[in-house]
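See below for the structure under consideration.
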């Protein structure tokens, strides 16, 4: 494998662990100890560092090296895991929440650094495969921390589980330390340069990149309905006779394997066509059809009936497959938009070696779009538990279905692709 693909794969793999832990394992674990759906959804507020990461993205771009930031963030993740291993969630919920918040902070810090490396490493012809590696490796990390560890939580126990995750981060630190992160693009010494940490100047520069306003609106919208269904349907099944171990296998492992297959297909389609927006229009419509099936299922589901259990598993796999394809194409859309950043605003920070120029504005631009993508998912996912507690599952899924259709309408309104062509 190309060394830069291998490096990106390792970094995105360990970056996916906190998400899988908090989206796959902890909701099931907290539900089994008696927390309400509202309390479980409010725990998504621990993802707030992912929304705030755009604030420190210019600092990561303009000071120190990417390797320094990666080693710092990976070390912080290892320490956060060790802190969790020493705590008992039933008796020390607030300290556990604080440790998880720290884990998200260091994961978001790592995300800025590795996205900067990816933007610089990947040429336009490599975006499809590069984003496939990004999404697939991230999901594999999520599988390890979510479905895989959920299946063995009753055997490992809380403390050993987090010690194992700390060991994974230590291995990632060693791999990163030995990797060559020197960037090979030609320098832009002949061009005028400026550097600033002024947030308004940075924001103005980001929005001037062609296609950014439309792309920003799309990444805010495209996951809202899907995220509500993806977070609530496993809890619906848990309340209807599915055991945590069964959910860990079907939702955490099998369905995620379908998601990875979808992401791989998305990368292949990108490599063949390289017009993500044209592909997205049809796939978003298919995703709505899958969510319609899942909505109907919540209305007619019967406990311990094999036909309904099979339909639920089919729904999970279909949902994750389309989510994988759509996510990879969306991240490719974001990368294409970012790569339109004017070459003249690339800034080589004076605190770095002369042969280590970085794409300051481009990397910050990608972080800006990725932050909006997380914000769109996070704002709604923190409220879905209260919505379900208030309306019930079937009416809430009708809301998710309506919201999912908005992304289809958003793309259909576009007459010409701003970022995908």
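Numbering (my numbering), first residue to last: 1124 to 1544.
Ideal Cβ placement from N, Cα and C applies to all residues, glycine included.
Computed from a prediction, not measured in an experiment: that's the story for all the values here.
> Mind checking residue 1532: buried by the 16 CB within 10 Å criterion, or exposed?
Replying inline: exposed
> In whole angstroms, what separates the C-alpha of residue 1417 from that of residue 1438?
Replying inline: 6 angstroms
> From which residue to which residue does the alpha helix (DSSP H) around residue 1521 run?
Replying inline: 1516–1535
> Hey, is the region 1377–1386 in contact with the region 1255–1271, meaning 3+ C-beta pairs nearer than 8 angstroms?
Replying inline: yes
> For the alpha helix (DSSP H) that contains residue 1228, what are its first and last residues?
Replying inline: 1216–1244
> At what residue ranges does the region 1289–1371 contain a whole run of the alpha helix (DSSP H), taking only runs of 4 or more?
Replying inline: 1322–1330, 1335–1344, 1347–1361
> Quick one: is residue 1435 buried, meaning 16 or more other Cβ sit within 10 Å of its Cβ, or exposed?
Replying inline: buried
> Measuring CA to CA, which of 1162, 1431, 1456, 1412 is closest to residue 1401?
Replying inline: 1456
> Which residue comes first and which comes last in the alpha helix (DSSP H) that contains residue 1248?
Replying inline: Note, residue 1248: premise wrong, no alpha helix (DSSP H); not H, not E.
> DSSP three-state call for residue 1462: helix, strand or coil?
Replying inline: coil
> For residue 1223 versus residue 1169, is the C-beta distance shorter than 7 angstroms?
Replying inline: yes
>> As an exercise, report each continuous alpha helix (DSSP H) stretch of at least 4 residues that is fully enclosed by the region 1128–1202, in chain order.
In response: 1149–1155, 1160–1165, 1171–1185
>> Given this structure, state the Cα-to-Cα distance separating residue 1386 from residue 1393, to the nearest angstrom.
In response: 11 angstroms
> Ordered along the chain, which non-local residues of its own chain (more than five positions away) have a Cβ less than 6 angstroms from that of residue 1519?
Replying inline: 1510, 1511
> Would residue 1277 be called buried (16 or more neighbouring beta carbons within 10 Å of its own) or exposed?
Replying inline: exposed
> Going by beta carbon distance, what residues of the same chain come within less than 7 angstroms of residue 1450, once the five residues before and after it are set aside?
Replying inline: 1258, 1386
>> Taking 6 angstroms as the limit between beta carbons, can you name the residues of its chain near residue 1408, skipping five residues before and five after?
In response: 1531
> Do the region 1247–1266 and the region 1216–1234 make contact, defined as three or more Cβ pairs closer than 8 angstroms?
Replying inline: no
>> Do residue 1496 and residue 1342 count as a contact pair if the criterion is CB distance below 7 angstroms?
In response: yes
> residue 1211 by DSSP, collapsed to three states: which one?
Replying inline: coil
>> At the level of alpha carbons, what is the spacing between residue 1492 and residue 1163?
In response: 27 angstroms
> What do you reckon, are the CB atoms on residue 1147 and residue 1348 nearer than 7 angstroms?
Replying inline: no
> Since residue 1401 is in the alpha helix (DSSP H), which residue starts that stretch and which ends it?
Replying inline: 1399–1423
> Does the distance from the CB of residue 1240 to the CB of residue 1189 come in under 7 angstroms?
Replying inline: yes
> Are three or more beta carbon pairs between the region 1319–1328 and the region 1234–1248 nearer than 8 angstroms?
Replying inline: no
>> Quick check on DSSP: helix, strand or coil for residue 1375?
In response: helix
> On the premise that residue 1274 lies in contact with residue 1359, defined as a C-beta separation below 8 angstroms, what is that separation, rounded to the nearest angstrom?
Replying inline: With 8 angstroms as the limit, residue 1359 and residue 1274 do not qualify as a contact, their Cβ atoms being about 20 angstroms apart.
> At what residues does the alpha helix (DSSP H) containing residue 1279 begin and finish?
Replying inline: 1272–1279
>> Please state the DSSP three-state secondary structure of residue 1500.
In response: helix
>> Once the 5 residues before and after residue 1505 are set aside, which same chain residues still bring their CB inside 8 angstroms of it?
In response: 1164, 1165, 1167, 1168
>> Can you check which of these residues, 1426, 1336, 1232, is closest to residue 1174 by C-alpha distance?
In response: 1232
> Do residue 1344 and residue 1399 come within 7 angstroms of each other at the CB atom, strictly closer than that value?
Replying inline: no
>> Using 7 angstroms as the threshold, is the C-beta distance between residue 1494 and residue 1177 below it?
In response: yes
>> Within 10 Å of its beta-carbon, does residue 1414 have 16 or more other beta-carbons around it, so buried, or fewer, so exposed?
In response: buried
> What whole-angstrom Cβ distance do residue 1448 and residue 1406 have, given they're in contact under 8 angstroms?
Replying inline: 6 angstroms
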